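In terms of full-length UniProt numbering, the sequence shown opens at residue 1 and continues consecutively.
Here the structure comes first, spelled out in structure tokens, and everything after it is commentary.
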Amino acid sequence: MSSDDEDFRSERTKYRHFGPKRKRLPYPSDNPEPENEQCLEVDQADDQGDHSASGSEEGFDENSQQDELQNASSDASTETQSGSESDWSEAIGHENAFEEGDENYDFDLFNEEEEDLIINQNLSDSDGGAEDSDDDDMNIDDGQNFNFDLQLLDRELDFSHSRTIRESLYLELALSIRHKQTYENLIDSFKTKNALYGSKFFPTSKKELWKALGRRRSGIQFHAYCSKCGAYINRKSRLVQNAECPDCEFSVPLSRASYFVTLSIRKQLEYFLSIPEVSNHLRYREERLKVLADAFEDILDGEAYKDIEIDGEKLVGSNNFSYSFSIDGCKPSKGSKTNIYPLFLRMNELSPQLRQKYMFLAACYVDVKEPNLTALLHPFVKEMNSLTRRGISWTRDAQLVISKFVPTCMCVDAQARAQVYNMAKHNSHFGCTYCTYYGVSSDTMRYPMFHQDLPPYEDRTHNGMKHDMIEAQMKVIRGEQNVSVRGHKGFTPLMALKYFDLQRGNAFDDLHNTYECATKYHTEIVIKDLPKLEPRMGEQIFLNTIDSRLENIKTPSCIARKPGTCPMKNRSQMHGTEWRNWLLYFGPICLHGLIAGRFIRTLEYLSYATYLLSQDVIHLDHVDMPRDLTIKYLEEFDDFGLEKSRLNVHTLQHAHTSVRNWGPIWAYSTFNFESLNHRIMQNITSPKGAINQIVNRHLISFSIELAMNDDQRISPEIKNMMKEILHKRRRSNTLQVGDHSYFLGRCTLRPPTDEEQRVLQQEGYNTVQLRVFKKMIIKGVTYTTANYVKEDSKSDDSTIYTFQNTFCTIQDFVSLIPQEGETVHGLLVLEHVMVRRPTPLFPIAKQICEVHPQNVGLLHFLRIDQVRSPVVKAPLLGSLFFIPLANLNEID
Numbered sequence: 001m002s003s004d005d006e007d008f009r010s011e012r013t014k015y016r017h018f019g020p021k022r023k024r025l026p027y028p029s030d031n032p033e034p035e036n037e038q039c040l041e042v043d044q045a046d047d048q049g050d051h052s053a054s055g056s057e058e059g060f061d062e063n064s065q066q067d068e069l070q071n072a073s074s075d076a077s078t079e080t081q082s083g084s085e086s087d088w089s090e091a092i093g094h095e096n097a098f099e100e101g102d103e104n105y106d107f108d109l110f111n112e113e114e115e116d117l118i119i120n121q122n123l124s125d126s127d128g129g130a131e132d133s134d135d136d137d138m139n140i141d142d143g144q145n146f147n148f149d150l151q152l153l154d155r156e157l158d159f160s161h162s163r164t165i166r167e168s169l170y171l172e173l174a175l176s177i178r179h180k181q182t183y184e185n186l187i188d189s190f191k192t193k194n195a196l197y198g199s200k201f202f203p204t205s206k207k208e209l210w211k212a213l214g215r216r217r218s219g220i221q222f223h224a225y226c227s228k229c230g231a232y233i234n235r236k237s238r239l240v241q242n243a244e245c246p247d248c249e250f251s252v253p254l255s256r257a258s259y260f261v262t263l264s265i266r267k268q269l270e271y272f273l274s275i276p277e278v279s280n281h282l283r284y285r286e287e288r289l290k291v292l293a294d295a296f297e298d299i300l301d302g303e304a305y306k307d308i309e310i311d312g313e314k315l316v317g318s319n320n321f322s323y324s325f326s327i328d329g330c331k332p333s334k335g336s337k338t339n340i341y342p343l344f345l346r347m348n349e350l351s352p353q354l355r356q357k358y359m360f361l362a363a364c365y366v367d368v369k370e371p372n373l374t375a376l377l378h379p380f381v382k383e384m385n386s387l388t389r390r391g392i393s394w395t396r397d398a399q400l401v402i403s404k405f406v407p408t409c410m411c412v413d414a415q416a417r418a419q420v421y422n423m424a425k426h427n428s429h430f431g432c433t434y435c436t437y438y439g440v441s442s443d444t445m446r447y448p449m450f451h452q453d454l455p456p457y458e459d460r461t462h463n464g465m466k467h468d469m470i471e472a473q474m475k476v477i478r479g480e481q482n483v484s485v486r487g488h489k490g491f492t493p494l495m496a497l498k499y500f501d502l503q504r505g506n507a508f509d510d511l512h513n514t515y516e517c518a519t520k521y522h523t524e525i526v527i528k529d530l531p532k533l534e535p536r537m538g539e540q541i542f543l544n545t546i547d548s549r550l551e552n553i554k555t556p557s558c559i560a561r562k563p564g565t566c567p568m569k570n571r572s573q574m575h576g577t578e579w580r581n582w583l584l585y586f587g588p589i590c591l592h593g594l595i596a597g598r599f600i601r602t603l604e605y606l607s608y609a610t611y612l613l614s615q616d617v618i619h620l621d622h623v624d625m626p627r628d629l630t631i632k633y634l635e636e637f638d639d640f641g642l643e644k645s646r647l648n649v650h651t652l653q654h655a656h657t658s659v660r661n662w663g664p665i666w667a668y669s670t671f672n673f674e675s676l677n678h679r680i681m682q683n684i685t686s687p688k689g690a691i692n693q694i695v696n697r698h699l700i701s702f703s704i705e706l707a708m709n710d711d712q713r714i715s716p717e718i719k720n721m722m723k724e725i726l727h728k729r730r731r732s733n734t735l736q737v738g739d740h741s742y743f744l745g746r747c748t749l750r751p752p753t754d755e756e757q758r759v760l761q762q763e764g765y766n767t768v769q770l771r772v773f774k775k776m777i778i779k780g781v782t783y784t785t786a787n788y789v790k791e792d793s794k795s796d797d798s799t800i801y802t803f804q805n806t807f808c809t810i811q812d813f814v815s816l817i818p819q820e821g822e823t824v825h826g827l828l829v830l831e832h833v834m835v836r837r838p839t840p841l842f843p844i845a846k847q848i849c850e851v852h853p854q855n856v857g858l859l860h861f862l863r864i865d866q867v868r869s870p871v872v873k874a875p876l877l878g879s880l881f882f883i884p885l886a887n888l889n890e891i892d
């Protein structure tokens with residue numbers, strides 16, 4: 001063999017040993033040899049868990065699970081294949097190994113990198129001169145390279161008559177959204193299908209597409225606003241020649257006027273309520289199971305919600321519903337100058353998971369300039385008042401009913417809140433929208449807890465705010481300049497929104513106020529200004545110590561942004577969820593021993609107060625405790641200096657009021673609406689006509705989301721396929737065992753051990769066989785056994801917190817096969833022994849619990865409904881700390 005041959009062989013052997021390991025795919029052949037190999041079933045359960053699961057039944061195949069339990073052979077799955085699938089499997093066959101003097105060499109025709117390596121090597125060999133022989137060339141049969149000579153391809157297509165045009169249309173739309181296709185691509189795909197089917201089943205132009213989707217009936221309207229002052233002008237259809245501003249009298253032709261768009265909420269709700277399954281979803285208010293009767297567990301438990309009456313009738317038990325709404329700005333990209341402000345609303349009577357799925361887009365503003373948000377509220381208030389007065393007629397439980405809709409609260413950040421209420425900004429006197437706090441001038445406006453120049457203040461009321469707005473508006477009419485009556489500068493459209501309480505409806509915002517502002521600002525003070533315990537410790541060593549502690553923390557997989565992923569030196573790039581996790585779970589632990597204990601205590605006050613307000617179950621006697629903790633936090637925060645006192649820090653003392661009115665802060669947090677902003681930005685594929693792209697694709701996405709979950713006209717197979725396309729969910733071997741609870745993966749059938757038998761008998765269960773699983777989804781959250789967790793993994797789903805206030809490590813998920821009675825599902829767990837609660841290291845942040853690292857209690861059996869939440873595991877200086885997640889609704 002020549003030296004060139006040896007170099008070529010060593011090069012490709014090197015690639016085979018160290019290159020990417022890819023499965024060699026079979027290649028079509030006209031004369032396949034018969035195969036006798038059995039089909040191996042592949043367990044497609046995701047090793048890292050599906051964090052987006054919310055209890056819907058996508059991709060579930062209980063038949064395959066039962067086949068495993070009966071030890072059916074893998075040949076049975078082969079027999080269930082359709083005729084076309086079996087033809088393809090027979091036609092493809094296995095490719096013969098490529099031989100060139102080395103019978104062990106496998107050449108992968110589909111490995112493009114290996115193919116390029118061989119081709120490049122051949123080119124370099126051919127440059128060597130005339131002594132290169134033809135034997136050195138790759139001898140590949142050109143007849144086997146993409147010639148489409150497979151006889152199976154000439155078989156006539158046999159279309160299924162059980163599928164409808166609606167199902168095929170939804171599948172094509174799902175593919176276009178998943179792959180961000182243009183309308184031209186979508187129309188071309190429809191034309192191709194029409195040619196295949198031999199008939200025009202699908203639209204062949206954009207106009208026909210809009211007609212098929214009912215775009216004209218969706219109630220899309222354009223509204224003109226002043227490009228100079230941002231004031232609302234009128235609906236475009238009511239303008240004749242020019243758009244003239246009623247405030248500044250600036251006038252422009254209609255072709256050059258600025259517009260924002262509104263979508264009819266009535267039309268969207270009518271379509272939503274026309275789906276039969278929606279009626280069952282709206283029973284959540286009456287049928288939900290509470291942990292404690294008098295606890296705050298959702299927005300439906302708030303005192304303000306219970307006080308709402310429509311025509312003398314309470315909301316609970318009626319056919320009337322409520323909504324909350326939000327306005328928040330975003331940009332298509334980091335460097336973009338364009339501002340996008342969508343106005344969303346959602347129904348509070350749906351379950352928390354469905355509220356997130358079914359959000360209604362009421363208006364959308366797209367422009368380079370910042371908007372005047374009161375302009376967006378004019379058409380919104382008018383339409384929502386119509387829904388309050390006349391309601392919507394729809395069929396519920398085979399009866400025609402009329403449902404009216406009333407507002408509960410508004411979820412916006414501080415900047416938007418001042419605009420919506422037409423109030424002074426944060427750098428002015430009376431800048432707080434919750435109280436009449438005057439403020440202290442010190443270079444700019446400051447908001448200390450105590451100050452000698454600070455006059456008394458009180459919480460605002462609905463009637464008081466309305467009175468101040470009227471008084472301010474009268475001054476504006478008289479021509480006075482720089483009007484401000486206790487912060488109010490005039491009217492706001494929200495004054496006309498029926499049943500909306502200006503004071504109670506001003507809900508607290510935890511995302512921007514607590515996490516992205518107060519927590520971030522406090523952390524900056526700790527890093528930059530506070531003295532360290534070790535005087536010689538520089539800032540870089542200080543941050544590196546924090547990073548090393550963060551990297552040792554293991555979180556559940558539902559926390560996507562892992563601690564330590566973003567180093568503290570890059571904290572300016574941290575998102576709201578990361579600041580939330582830092583405050584609730586990581587901060588006090590990572591700062592222990594680095595700064596004085598009194599400074600950690602200050603952070604603990606805020607940490608525990610926010611944790612209590614964010615819990616899934618807030619005890620009635622715990623509502624006032626966060627107020628006391630926050631007051632102590634603000635008192636100690638004043639020690640940092642007057643110049644550190646900001647409005648967002650002052651506003652923290654009003655959080656407990658929102659909890660009394662509307663329940664836990666996660667129920668109306670702007671976290672819920674931020675994810676919708678991300679989807680809005682994904683809908684833009686071109687800067688031209690961005691507002692049309694947002695509206696059209698949102699309506700299509702909303703229709704598809706509703707169809708693949710609740711539309712009975714779509715078959716289950718098509719629904720599952722749509723879910724796999726849009727959400728990339730491919731679960732197999734799943735078994736539903738309750739509401740939003742599923743066993744995942746393969747199961748093992750075995751008898752219980754003596755210890756397990758003893759534990760089960762103590763619970764009153766007698767069984768001779770156990771079906772054992774290693775992975776499970778409970779209430780949309782993934783859990784695994786301790787053996788399933790890898791040592792070097794940043795995620796750990798094997799530790800749980802129970803409603804009995806205990807910490808347990810999961811050993812197995814089991815399904816009991818009792819000798820008598822129904823099948824029972826649960827968990828076999830080892831209970832951890834707590835050192836003390838609260839722990840001496842963190843006496844104020846009582847959510848941080850210290851457990852014995854090695855001392856684990858006896859085996860226990862838990863029912864699925866006893867599992868409360870997953871746990872964050874944080875080691876520190878030889879100790880181990882567990883922190884249960886506050887709730888399961890604010891996961892990443």
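Quick reminder that beta carbons are idealized off the backbone N, C-alpha and C, glycines included.
A quick note: this is a predicted structure, and the numbers were derived from the prediction, not measured.
### Task
Starting from R417, trace the alpha helix (DSSP H) both ways and give me its first and last residue.
Stepping through the sequence shown from its first residue, residue 417 is reached at position 417. 414–420 is the extent of the alpha helix (DSSP H) around R417.
### Task
Give the DSSP-derived three-state secondary structure of P853 in the structure shown.
As a position in the sequence shown, residue 853 is number 853, starting the count at 1. Three-state DSSP puts P853 in a strand.
#### Entry: Whole-angstrom distance between S403 and E277, CA atom to CA atom
The residue given as residue 277 occupies position 277 in the sequence shown. The residue given as residue 403 occupies position 403 in the sequence shown. Rounded to the nearest angstrom, the two C-alpha atoms are 17 Å apart.
### Query
Secondary structure at C226, three-state DSSP: helix, strand or coil?
Stepping through the sequence shown from its first residue, residue 226 is reached at position 226. Coil, per DSSP.
#### Entry: Uninterrupted alpha helix (DSSP H) stretches inside the segment 187–261 (no shorter than 4 residues)
206–213
### Query
Taking Cβ to Cβ, would you say P255 is nearer than 8 Å to N242?
Locating residue 255 in the sequence shown gives position 255, where the first residue counts as 1. Locating residue 242 in the sequence shown gives position 242, where the first residue counts as 1. In the sequence under discussion, the amino acid at residue 255 is Ser, which differs from the Pro named in the question. Result no, Cβ atoms of S255 and N242 do not sit closer than 8 Å.
### Message
Please report the straight-line C-alpha distance between S333 and I694, rounded to a whole angstrom.
### Response
Against the sequence shown, residue 333 aligns to sequence position 333. Against the sequence shown, residue 694 aligns to sequence position 694. Between S333 and I694, the C-alpha separation is close to 15 Å.
### Task
Kindly provide the ranges of any beta strand (DSSP E) runs that are 3 or more residues long and lie completely inside the segment 501–557, ordered along the chain.
none
### Task
Find the nearest neighbour of H626 within the set F640, Y605, D638, judged by alpha-carbon distance.
Sequence index remark: in the sequence shown, residue 626 carries index 626 (1-based). The residue you asked about is not His; residue 626 is Pro in the sequence shown. When each option's Cα is compared against that of P626, the closest is Y605.
### Query
In terms of alpha-carbon separation, which member of G219, I299, I777, R166 lies closest to Y271?
The residue labelled residue 271 in the question sits at position 271 within the sequence shown. When only C-alpha atoms are compared, the closest one is G219.
### Message
For the beta strand (DSSP E) containing S869, name the first residue and the last one.
### Response
Counting from 1 along the sequence shown, the entry for residue 869 is found at position 869. Start and end: 867–876.
### Task
Hey, could you find the ends of the beta strand (DSSP E) M708 is sitting in?
One-based indexing of the sequence shown puts residue 708 at position 708. Where M708 is concerned, there is no enclosing beta strand (DSSP E), although the alpha helix (DSSP H) it sits in stretches over 690–710.
### Cα-Cα separation between L376 and Y499, rounded to whole angstroms
Within the sequence shown, the letter at position 376 stands for residue 376. Within the sequence shown, the letter at position 499 stands for residue 499. Roughly 19 Å between the two C-alpha positions.
### Task
Could you tell me if K180 is buried or exposed, where buried requires 16 or more neighbouring beta carbons within 10 angstroms of its beta carbon?
Here residue 180 is taken as the residue at index 180 of the sequence shown, counted from 1. So K180 ends up on the exposed side.
### Message
Between L343 and the ligand FMN, is there a pair consisting of the residue's CB and a ligand heavy atom that are separated by less than 7 Å?
### Response
Summarising the ligand content, the structure contains no ligands, and the ligand FMN is consequently not present.
### Message
The beta strand (DSSP E) that contains residue 905, what's its start and end?
### Response
Any question about residue 905 goes unanswered here, given that the chain covers just 1 to 892.
### Rounded C-alpha distance that separates R750 from S815
For the purposes of this step, residue 750 is identified with residue 750 of the sequence shown, where counting begins at 1. For the purposes of this step, residue 815 is identified with residue 815 of the sequence shown, where counting begins at 1. Approximately 11 Å between the Cα atoms of the pair.
### Query
If you run the structure through DSSP and keep just helix, strand and coil, what is Q811?
The residue labelled residue 811 in the question sits at position 811 within the sequence shown. Looking at Q811 - three-state DSSP - the assignment turns out to be strand.
### Query
Nearest CA to the CA of S324: which residue from M347, K528, Y305, D812?
Counting from one through the sequence shown, the residue named residue 324 turns up at place 324. Of the listed residues, the one whose Cα sits closest to S324 is M347.
### Query
Skipping 5 residues on each side, what residues in its chain have a beta carbon closer than 8 Å to that of C248?
Position 248 of the sequence shown, counting from 1, holds the residue named residue 248. Within the same chain, C248 has close Cβ partners C226, K228, C229, A231.
### Close beta carbons around D624, own chain, < 8 Å, minus the five adjacent residues each side
Taking the first residue of the sequence shown as 1, we reach residue 624 at position 624. Excluding residues within five positions, the ones whose Cβ falls inside 8 Å are H656.
### Query
What did DSSP end up calling D367 once you bin it into helix, strand or coil?
Position 367 of the sequence shown, counting from 1, holds the residue named residue 367. D367: strand per DSSP, three-state reduction.
### Task
Kindly indicate which residue of F813, V759, K794, Q736 has the alpha-carbon position closest to the one of R771.
Sequence index remark: in the sequence shown, residue 771 carries index 771 (1-based). Ranking the options by Cα distance to R771, first place goes to F813.
### Query
DSSP three-state call for C747: helix, strand or coil?
Taking the first residue of the sequence shown as 1, we reach residue 747 at position 747. Coil.
### Task
Using alpha carbons as the reference points, say which of E480, V872, C432 lies closest to A507.
Residue numbering aside, residue 507 sits at position 507 when the sequence shown is read from its first letter. Nearest option by C-alpha distance: C432.
### Message
Please report the distance separating the alpha-carbon of M445 from that of K425.
### Response
For the purposes of this step, residue 445 is identified with residue 445 of the sequence shown, where counting begins at 1. For the purposes of this step, residue 425 is identified with residue 425 of the sequence shown, where counting begins at 1. Cα to Cα, M445 sits roughly 10 Å from K425.
### Query
Between which two residues does the beta strand (DSSP E) containing Y341 stretch?
Start at 1 with the first residue of the sequence shown, and residue 341 comes out as number 341. Element bounds for Y341: 339–347.
### Query
Quick one: what's got a C-beta closer than 7 Å to R713's C-beta in the same chain, skipping five residues either side?
Numbered from its first residue, the sequence shown carries residue 713 at position 713. Only R166 meet the Cβ criterion.
### Query
Hey, quick one: how far does the alpha helix (DSSP H) through L612 stretch, first residue to last?
One-based indexing of the sequence shown puts residue 612 at position 612. Start and end: 597–613.
### Message
Taking the alpha-carbon of Y611 as reference, which of R758, V659, K489 has the nearest alpha-carbon?
### Response
The residue you call residue 611 lines up with position 611 of the sequence shown. Answer by Cα proximity: V659.
### Assigned exposure category for V833 - 16 Cβ within 10 Å defines buried
Position 833 of the sequence shown holds residue 833. V833 is exposed by the Cβ-count criterion.
### Task
May I ask which residues mark the beginning and end of the alpha helix (DSSP H) holding E831?
Start at 1 with the first residue of the sequence shown, and residue 831 comes out as number 831. Element bounds for E831: not the alpha helix (DSSP H) but the beta strand (DSSP E), 824–836.
### Query
Between which two residues does the alpha helix (DSSP H) containing P493 stretch?
Along the sequence shown, one-based indexing puts residue 493 at 493. Where P493 is concerned, there is no enclosing alpha helix (DSSP H), given that its DSSP letter is neither H nor E.
### Task
On a CA-only basis, which of V851, N422, C435, A496 is nearest F807? Give me that one, please.
Residue 807 sits at position 807 when you count from the first residue of the sequence shown. If we check each option's Cα against that of F807, V851 comes out closest.
### Query
Excluding the five sequence neighbours on either side, which residues of its own chain have a C-beta within less than 6 Å of the C-beta of G329, listed in chain order?
Against the sequence shown, residue 329 aligns to sequence position 329. Correct list, in chain order: N339, Y341.
#### Entry: Minimum length 3: unbroken beta strand (DSSP E) runs contained in the segment 611–661
none
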